[in-house]
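Residue numbers (full-length UniProt numbering): 1 to 631. Here a beta-carbon is modelled for each residue, glycine too, at the ideal position from N, C-alpha and C. Source: prediction; values computed, not measured. Since the structure comes first, as structure tokens, the remarks are kept for the end.
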């Protein structure tokens, strides 16, 4: 037996040696993706070194955590390549290091709403794949780098609200083929305005910028002695005049055609996103916002009378009102002394208004007046899920078990639309029972979506670093400020627990459960087969035990500690609709999610496919007719 073992060991050592040689040779002859990421990791460390980070949001930009930056905060990768740096509103100051030019695979560089200063490094022109460069609302100075013209894929360039000076590079107008939008407003730029072939160009707020081009057509200068010279001069003038008229007519025709084409595309976009039929609105106004005058809103709400208050939350106070003979809900946003521009506010709410789904509260109008920002929504007669969970009629809960199941499904379908059907996607960031309304049929209507994004444009850094309701903030969001669709999934899991328990708050009293919070209590009662102690006492025994168990299991899956262990909203909808194999899915993952506080990459892991049977319910394939509802 020993004789046979020796040759076997020798063969193993030989194989290991050969593999080692092959790997070493490959490393020398062929630079690996890991090697490239290592260089980019060093570039990120250099970028961090040039920044002042009082909030320590870049805590893991350190080679001691490994040379894979795809695991670092605010870094997004695809297929092992850095695609995005998203560092908006992070209270950063300092300068932007020239090392940024080493991020050759970067497509999105988002640094707006910080306090960065100094010059924009010329090395940004080396990021040939860059599509979006947003350095707006900082303190950058110096000139606009002429190297930006080397960014052949650049589509959006936002340099507004800085202290840039000097001319706008002419090459941006002539040699940037993909450029779609340019904003250099509110700087100290000078010289002439280049003539751009695109419409989305913003120059305002540059008092030294001239409307007159650097070149103009001047009348010919020549001798004026003799009829021949006069005749030739007149002929040239007539020729130039006719040429100018011809060019002018051609430009008018091109502009008219472009405007018609743009309007056609806008209409197509509205209907592509809203996806509704005109039969649901006789005026065909869905996807279009109405702008009201402040005096109309004030009159409709009886001068914002306290008697008209429907509720108050983190975003503002909601009033009941009457506009154009229709009962509406008017949200008066807080922090009205903001410096957000009217145009920017209008643009943001137009994007939000394009999200139309039967389980989403559709924005119908708005008002901008001085420092007032108001939003107009349809009135939901049955209030919030939170309020209805407390109600009883003739001793019976207003929301019985079947209605609670239907509300859970409706809210999940609304969130699915925001996450996977909207472009750009919308993350709610504060899903809870008081943010889900009920229409006249007690159908779930998710409200306040998109407002976190809208308000973050002017709220302070301290507030916007983590937005949401304390006690409901996912661990990765609370720790690093990272938000994603899985942030909503976590909050949706707690929303399911609200539906199950009927509790006003999910915070436990000291004498209720000493081992942890509501999630730990639910898990323990599930394992002990004692969920009857967890369900709302108002339901008594009027619920389906199997459905209750599945609802709690889905809630626990949604509130897994690591984001990658949580299901997507499409998977949640599948489970809520069919309920098949929910128990198996919970059993497979229930023991893998205990956090390790010493693991620096505790929020990074391999995701789980909850649709392992590769069968998607037809309702997930949201058809056009299903995107619009009775409202």
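Provide the residue span of the alpha helix (DSSP H) that contains residue i, from first to last.
i           : result
residue 419 : 401-420
residue 367 : Not the alpha helix (DSSP H): residue 367 falls in the beta strand (DSSP E), residues 365-369.
residue 208 : Element bounds for residue 208: not the alpha helix (DSSP H) but the beta strand (DSSP E), 208-210.
residue 545 : 545-558
residue 533 : Per DSSP, residue 533 belongs to no alpha helix (DSSP H) and is neither H nor E.
residue 494 : 485-501
residue 582 : 582-589
residue 297 : 294-300
Quick one: what's got a C-beta closer than 6 Å to residue i's C-beta in the same chain, skipping five residues either side?
i           : result
residue 587 : none
residue 141 : 163
residue 216 : The predicted model places residue 216 with a pLDDT of 35, which falls under 50 and marks its position as unreliable; any figure quoted below should be read in that light. Correct list: empty, nothing qualifies.
residue 48  : 58 and 61
residue 181 : 156 and 200
residue 575 : 554 and 582
residue 367 : 292, 294, 297 and 374
residue 572 : 412
residue 440 : 381
residue 191 : 167
residue 311 : 318
residue 316 : 331, 332, 333 and 334
residue 285 : Low local confidence applies: a pLDDT of 37 at residue 285 is under 50, so the model's placement there is unreliable, with the coordinate-based value given in what follows. Here the set comprises nothing.
residue 210 : 192
Beta-carbon separation of residue i and residue j under 7 Å?
i           : j           : result
residue 194 : residue 168 : yes
residue 552 : residue 522 : yes
residue 365 : residue 307 : no
residue 539 : residue 533 : no
residue 444 : residue 386 : no
residue 384 : residue 437 : yes
residue 487 : residue 475 : no
residue 63  : residue 85  : no
residue 329 : residue 318 : yes
residue 499 : residue 408 : yes
residue 369 : residue 422 : no
residue 186 : residue 161 : yes
Excluding sequence positions up to five away, which residues of its chain have a Cβ less than 8 Å from the Cβ of residue i?
i           : result
residue 82  : 37, 40, 69, 70, 75, 76, 103, 105 and 106
residue 52  : 92, 93 and 94
residue 128 : 104, 150, 151, 152 and 153
residue 484 : 427 and 563
residue 327 : 320, 321 and 379
residue 403 : 442
residue 45  : 61, 62 and 63
Thinking residue i and residue j are a contact (beta carbons under 8 Å), I'd like their distance in whole angstroms, please.
i           : j           : result
residue 135 : residue 159 : 6 Å
residue 492 : residue 415 : 6 Å
residue 43  : residue 99  : 4 Å
residue 501 : residue 535 : 7 Å
residue 544 : residue 401 : 7 Å
residue 508 : residue 417 : Not confirmed; about 33 Å, so no contact.
residue 208 : residue 188 : 7 Å
residue 419 : residue 569 : 5 Å
residue 376 : residue 323 : 7 Å
Over the uninterrupted beta strand (DSSP E) stretch that includes residue i, give me the two end residues.
i           : result
residue 427 : Residue 427 -> no beta strand (DSSP E), and no H or E assigned at all.
residue 571 : From DSSP, residue 571 is part of no beta strand (DSSP E) but of the alpha helix (DSSP H) over 569-578.
residue 64  : Counting along the chain, residue 64 falls outside any beta strand (DSSP E), and DSSP gives it neither H nor E.
residue 320 : 316-323
residue 76  : 75-78
residue 520 : No beta strand (DSSP E) holds residue 520; the alpha helix (DSSP H) holding it covers 518-527.
residue 174 : Not the beta strand (DSSP E): residue 174 falls in the alpha helix (DSSP H), residues 171-174.
residue 387 : From DSSP, residue 387 is part of no beta strand (DSSP E) but of the alpha helix (DSSP H) over 385-389.
residue 142 : 139-142
residue 443 : Residue 443 -> no beta strand (DSSP E), and no H or E assigned at all.
residue 84  : 81-86
residue 202 : 200-202
residue 115 : 115-119
residue 192 : 188-192
For residue i, I'd like the list of residues in its chain whose CB is within less than 7 Å of its CB, leaving aside the five on either flank, ordered along the chain.
i           : result
residue 405 : 547
residue 392 : 398 and 538
residue 125 : 145, 147, 148, 150 and 151
residue 116 : 92, 93, 94, 95, 96, 138, 139 and 140
residue 113 : 88, 89 and 137
residue 657 : Absent from the model: residue 657. The displayed extent of the chain is 1 to 631, so no value can be given.
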